[in-house]
Amino acid sequence: RETGITPGVYLNRLVLDRACLLLLSGEMSIAEVAERLGFSDQFYFTKYFRRQMDMTPSAYRKLMRRG
Numbered sequence: 002r003e004t005g006i007t008p009g010v011y012l013n014r015l016v017l018d019r020a021c022l023l024l025l026s027g028e029m030s031i032a033e034v035a036e037r038l039g040f041s042d043q044f045y046f047t048k049y050f051r052r053q054m055d056m057t058p059s060a061y062r063k064l065m066r067r068g
């Protein structure tokens with residue numbers, strides 16, 4: 002099925018959607034979320050997340066919990 006986006010963009014969206022869900026569940030540390038999503042380490046995951054979302058995973062978690 003055509004989505005109008007590249008496979009890379011589609012995969013990024015899937016990873017970010019899953020990351021956001023895992024971060025909001027509150028049951029996993031940032032390192033555990035990174036591992037679950039297949040990142041080599043927490044620091045690379047944080048860099049990736051910040052590049053995509055303009056905030057760190059911990060900042061996202063705090064912001065969404067307040068809202």
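Residue numbers for the sequence shown follow the working numbering, so the first one is 2 and each next one is one higher. From the three backbone atoms N, C-alpha and C, an ideal C-beta is built for every residue, glycine too.
Given residue i as reference, the closest of the options once Cα atoms are compared
| i | options | result |
| --- | --- | --- |
| Arg66 | Ile6, Leu12, Gly27, Leu17 | Gly27 |
| Arg19 | Ala35, Pro8, Thr7, Phe44 | Ala35 |
Close beta carbons around residue i, own chain, < 8 angstroms, minus the five adjacent residues each side
| i | result |
| --- | --- |
| Gln53 | Asn13, Leu17 |
| Thr57 | Thr47, Phe50, Arg51 |
| Thr4 | Tyr11 |
C-beta atoms of residue i and residue j nearer than 7 angstroms
| i | j | result |
| --- | --- | --- |
| Leu23 | Met29 | yes |
Contact belief for residue i with residue j at Cβ below 8 angstroms, rounded distance in angstroms
| i | j | result |
| --- | --- | --- |
| Ala32 | Gln43 | 4 angstroms |
| Arg62 | Leu25 | 7 angstroms |
Other residues of its chain near residue i: CB distance less than 6 angstroms, five sequence neighbours each side excluded
| i | result |
| --- | --- |
| Phe40 | Phe46 |
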